[in-house]
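Colleague: Provided herewith is a single structure, encoded as structure tokens, for subsequent inquiry.
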Amino acid sequence: MEKKEFLSSLVEQALEMVLVFDGKGALTYANTEAREKLGYEEAENIHISDIFPMIFTKTEEGFSTEYAFERKTENMAAYRKNQTCFPVEARIVQSGDGQYVCMANDILEKEFLGKEVAQVRYEAEQAMKVKSEFVANVTHELRTPVNGILGNVRELLERESDSGKLKNLHLMERCCENMGMIINNILDFSKLEAGKFTLDPQRFHFKNMLDYVKDSHIRRITEKGLDFVVSMSDDIPEYLIGDELRIVQILNNLINNAMKFTSIGRISVEVVKTAQVNDKIELYFFVMDTGIGIDKKDEDKLFQSFSQVDASISRQYGGTGLGLNICKELVELMGGTIGVESEKGKGSNFSFSIWVTVPEGEEVPAASGLAQRVPSDFNRQRPIQEAGEDDIRQYGSEANKDKLKRTLSKLILCVEMENWEKAEMFADTVKQLTGEAPREVKSMALRLKMAVQKENYEKTSAAYHALDALIEEEKSEPGEGQE
Numbered sequence: 002m003e004k005k006e007f008l009s010s011l012v013e014q015a016l017e018m019v020l021v022f023d024g025k026g027a028l029t030y031a032n033t034e035a036r037e038k039l040g041y042e043e044a045e046n047i048h049i050s051d052i053f054p055m056i057f058t059k060t061e062e063g064f065s066t067e068y069a070f071e072r073k074t075e076n077m078a079a080y081r082k083n084q085t086c087f088p089v090e091a092r093i094v095q096s097g098d099g100q101y102v103c104m105a106n107d108i109l110e111k112e113f114l115g116k117e118v119a120q121v122r123y124e125a126e127q128a129m130k131v132k133s134e135f136v137a138n139v140t141h142e143l144r145t146p147v148n149g150i151l152g153n154v155r156e157l158l159e160r161e162s163d164s165g166k167l168k169n170l171h172l173m174e175r176c177c178e179n180m181g182m183i184i185n186n187i188l189d190f191s192k193l194e195a196g197k198f199t200l201d202p203q204r205f206h207f208k209n210m211l212d213y214v215k216d217s218h219i220r221r222i223t224e225k226g227l228d229f230v231v232s233m234s235d236d237i238p239e240y241l242i243g244d245e246l247r248i249v250q251i252l253n254n255l256i257n258n259a260m261k262f263t264s265i266g267r268i269s270v271e272v273v274k275t276a277q278v279n280d281k282i283e284l285y286f287f288v289m290d291t292g293i294g295i296d297k298k299d300e301d302k303l304f305q306s307f308s309q310v311d312a313s314i315s316r317q318y319g320g321t322g323l324g325l326n327i328c329k330e331l332v333e334l335m336g337g338t339i340g341v342e343s344e345k346g347k348g349s350n351f352s353f354s355i356w357v358t359v360p361e362g363e364e365v366p367a368a369s370g371l372a373q374r375v376p377s378d379f380n381r382q383r384p385i386q387e388a389g390e391d392d393i394r395q396y397g398s399e400a401n402k403d404k405l406k407r408t409l410s411k412l413i414l415c416v417e418m419e420n421w422e423k424a425e426m427f428a429d430t431v432k433q434l435t436g437e438a439p440r441e442v443k444s445m446a447l448r449l450k451m452a453v454q455k456e457n458y459e460k461t462s463a464a465y466h467a468l469d470a471l472i473e474e475e476k477s478e479p480g481e482g483q484e
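For the sequence shown, my numbering begins at 2 and goes up steadily by one.
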């Protein structure tokens, strides 16, 4: 096959319409696609103005047009033989022999789908708007009665002296506070999802902010028998410009999670300065714990909305699965990233970075321009546990025995004082300390925790004495009964 015949065959079988007309506008060629789309059997006695009457006008000399015959695509209306029309994307060029070539694609389906997509997008936007307004209204309506109940409960707490009633009132107060946190999370999530959440950068004292965060959590963390350490590198400026409220919100969420899932060991918060670009600096925050940890395969689930590692997490520890997703969105709004490194049974290291501004006139330790200032002791792969913490978890070790004895003593003291909330925290610690113990010891630790949860003094006391006796028996006969 000759080259000319080969090219002619390609044009004939092309998926786009190909039309050729002469200087008088008479059509001299139309490929198969053009004939089928336009409804012509042959390309004879057809004028270009019959196909594109909006572009070409038939005259005695041939045709007139304002079309520039440039190599660019324009949207046109192509008319069929039966005088119906359809939209096309076409370009018409003039060849050297006085002929004109038109190449056009039928975009009827594309336009139809485009209109459908636009309609779907509009409906989605309207639905999002309705949902956002609904969530805002509902959360407002929920917050009003919850705050009303909380206010009345706190008034009663100041006047009530009966221990039984005080216990119920404290429970109601805690439930109202938890409900308030859930309502705030739902509202924040709705704003972030709708793209209506905005940051409010203000000048603030960085160390004072960290001290506030520490003071907000230290009592509850130390009451649980955990160590709590907050530290920052010396090269962070005293004052910064950023959304202090949202930084505190992220830290509070991560610390609350760490406290929720940690019964043995410590929780630590560390902040380091890692980069500087002119008056912008990058801060890295680490929230590290020695809690239950998670499997590597489950780490991606943590930052998804309404998602938790598994259903048992929600049943045992509570939560909506919104907190970490909100943290992720807030961190990204501040130009940073968030991630986690964890090991099942050995704790988690949450880290996030944000960019903040150094106020004008504030002393900046780093040089101007782009400068990395990573402290010599900075290590993003920090150990999840320190030396000796594995010994505490190893049932039968001296560290484990000592921790168990002290925890059981605190637990029974809380029970005698009817402080069941703190007793439950210590019961959870006992359960973790006996995780590697023989079956009868683990079973009794579980019974102790269940009795404390039910606030049953008799069963709690019986389980405590039984567990204490089993532990003493293990001390006198080391190694026997181990699984």
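Idealized CB from N, CA, C, for every residue including glycine.
For Val332 and Phe351, what's the separation of their Cα atoms in angstroms?
Modeller: 13 Å
Colleague: Return the CA-CA distance between Lys508 and Leu449, expressed in angstroms with no decimal places.
Modeller: Any question about residue 508 goes unanswered here, given that the chain covers just 2 to 484.
Colleague: Indicate the three-state DSSP secondary structure (helix, strand or coil) for Ile314 in the structure shown.
Modeller: The predicted position of Ile314 is uncertain, since its pLDDT is 47 and thus under 50; a value taken from the coordinates is nonetheless stated next. It is helical.
Colleague: Mapping DSSP to helix, strand and coil, what is Phe7?
Modeller: helix
Colleague: Please state whether DSSP places Arg72 in a helix, a strand or coil.
Modeller: coil
Colleague: Which residue wins for smallest C-alpha separation from Arg221, given the options Gly26, Thr85, Ala259, Pro360?
Modeller: Ala259
Colleague: Whole angstroms are fine: how far does the CA of Ile282 sit from the CA of Glu112?
Modeller: 48 Å
Colleague: Does DSSP put Asn106 in a helix, a strand or coil?
Modeller: strand
Colleague: Confirm, please, whether the CB-CB distance from Arg122 to Val94 is below 8 Å.
Modeller: no
Colleague: Who are the Cβ neighbours of Gly320 in its own chain at under 6 Å, not counting the five residues just before and after it?
Modeller: Bear in mind that the predicted position of Gly320 carries a pLDDT of just 47, short of 50, making it too unreliable to give a figure here.
Colleague: Rounded to a whole number of angstroms, what is the C-alpha to C-alpha distance between Leu334 and Ile242?
Modeller: 15 Å
Colleague: Where does Met18 sit, in a helix, a strand or coil, going by DSSP?
Modeller: strand
Colleague: Have a look at the DSSP bridge pairing and note the partners of Val230.
Modeller: Ser269
Colleague: Measuring alpha carbon to alpha carbon, tell me which of Met173, Phe205, Leu434 ends up nearest Asn148.
Modeller: Closest option to Asn148, Cα to Cα, is Met173.
Colleague: Gln386 by DSSP, collapsed to three states: which one?
Modeller: Caution is warranted here: a pLDDT of 49 is assigned to Gln386, below 50, making its placement in the model unreliable, and no coordinate value can be reported.
Colleague: Give me the Cα-Cα distance between Met289 and Val214, rounded to the nearest whole angstrom.
Modeller: 15 Å
Colleague: Does DSSP put Gln120 in a helix, in a strand, or in coil?
Modeller: helix
Colleague: Gln100 and Val21: beta carbons closer than 8 Å?
Modeller: yes
Colleague: First and last residue of the beta strand (DSSP E) that includes Asp163?
Modeller: Counting along the chain, Asp163 falls outside any beta strand (DSSP E), and DSSP gives it neither H nor E.
Colleague: Flag this pair as yes or no: are the beta carbons of Glu17 and Glu42 separated by less than 8 Å?
Modeller: no
Colleague: Any chance the stretch 427 to 440 sits against the stretch 408 to 415, with 3 or more Cβ pairs inside 8 Å?
Modeller: Contact between the stretch 427 to 440 and the stretch 408 to 415 is present: three or more C-beta pairs spanning the two stretches fall below 8 Å.
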